[in-house]
Amino acid sequence: MLPDELPADMFHYQLQALSADKATQLYHYLRDNLAWQQPSIHVFGKWHPIPRLQAYIGDPDSAYEYSKQVFSPMPWPEPLARMRERLNNQLGCKFNAVLVNYYRNGLDSMGWHADDEPELGAQPTIASLSLGALRKFKLRHKHSRVVTDVPLRHGSLLIMKGQSQQHFEHSLPKQRKVTQGRINLTFRHIDASLL
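Sequential numbering of the sequence shown, starting at 1, is according to full-length UniProt numbering.
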């Protein structure tokens with residue numbers, strides 16, 4: 001269940017999109033088999049390595065740009081191709097890419113941002129699958145600045161859609177007491193012609 005202050009037309013949370021066993025198998029497969037990268041981002045005039053590992057996977061025409069960098073997709077591994085097909089059918093979407101973030105422990109994080117890059121379109125649907133350690137996901141309304149915590153559990157799916165990226169930012173702050181890893185997959189549709 002999501003807190004009442006989050007609009008149902010923008011957010012939907014499925015507590016157990018994958019069984020615990022399937023979520024654990026997928027976590028270990030991704031952790032051990034993806035070609036993880038740690039690119040740098042440009043912040044306040046300096047380049048800094050991101051505080052997590054990532055892999056960008058997608059169709060050949062799904063290049064993605066953020067923080068002044070263009071990311072070319074790696075090919076779909078079979079388990080993620082099947083997951084994409086399932087989500088496309090379930091949600092009526094045409095996901096053609098997934099950004100996979102690996103938070104090795106609670107010191108890895110993601111700062112405040114909205115997924116509002118032009119190539120995502122005006123009202124993107126983003127399907128966010130969580131695997132591994134429970135982490136506190138934060139949503140902040142851009143105008144009221146009210147922050148809502150959503151604990152993202154192993155095997156859960158958070159759908160952000162409609163005007164969610166226009167009205168809210170999100171982050172995954174550091175949690176020093178978390179010692180286990182977490183992998184998050186955000187499925188999206190990229191229109192590379194808008195780059």
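A virtual CB, placed ideally from N, CA and C, is assigned to each residue, including glycine.
Backbone secondary structure at residue i - three-state DSSP
i, result
"Met-83", "helix"
"Glu-22", "In the sequence as displayed, the identity of residue 22 is Lys instead of Glu. In the structure shown, Lys-22 sits in a helix (DSSP, three-state: H, G or I)."
"Ser-109", "coil"
"Leu-30", "helix"
"Ala-127", "strand"
"Asn-96", "coil"
"His-167", "helix"
Cβ separation of residue i and residue j, assumed to be a contact under 8 Å, to the nearest whole Å
i, j, result
"Trp-36", "Ala-63", "Wrong, their Cβ atoms sit about 19 Å apart, outside the cutoff."
"Ala-17", "Ser-156", "6 Å"
"Met-74", "Ile-50", "With a Cβ gap of about 17 Å, Met-74 and Ile-50 do not count as contacting."
"Leu-185", "Val-100", "5 Å"
"Ile-190", "Asn-96", "6 Å"
"Gly-92", "Thr-179", "39 Å between Cβ atoms; not a contact."
"Leu-30", "Phe-187", "The pair is not a contact, with the Cβ atoms about 14 Å apart (cut-off 8 Å)."
"Ala-192", "Asp-32", "That belief does not hold up - the Cβ atoms of Ala-192 and Asp-32 are roughly 30 Å apart, past 8 Å."
Whole-angstrom distance between residue j and residue i, CA atom to CA atom
i, j, result
"Val-146", "Gly-45", "29 Å"
"Lys-138", "Pro-173", "8 Å"
"Val-70", "Ser-128", "21 Å"
"Pro-3", "Lys-142", "17 Å"
"Met-160", "Asp-115", "10 Å"
"Ala-122", "Pro-77", "29 Å"
C-beta neighbour in chain C for residue i, strict 8 Å
i, result
"Leu-172", "No chain C is part of this structure, which consists of one protein chain only."
Of the residues the options, the one placed nearest residue i, counting alpha carbons only
i, options, result
"Ala-23", "Arg-153, Asp-61, Cys-93", "Arg-153"
"Asp-108", "Pro-118, Ser-171, Met-10", "Ser-171"
"Pro-39", "Pro-173, Val-150, Ser-67", "Ser-67"
"Gln-166", "Glu-117, Arg-52, Asn-33", "Glu-117"
"Leu-53", "Tyr-102, Gln-163, Ser-193, His-143", "Tyr-102"
"Trp-112", "Glu-169, Met-10, Gln-163", "Glu-169"
"Pro-124", "Met-83, Gly-162, Trp-47, Arg-182", "Gly-162"
"Met-83", "Arg-176, Asp-9, Ser-130", "Ser-130"
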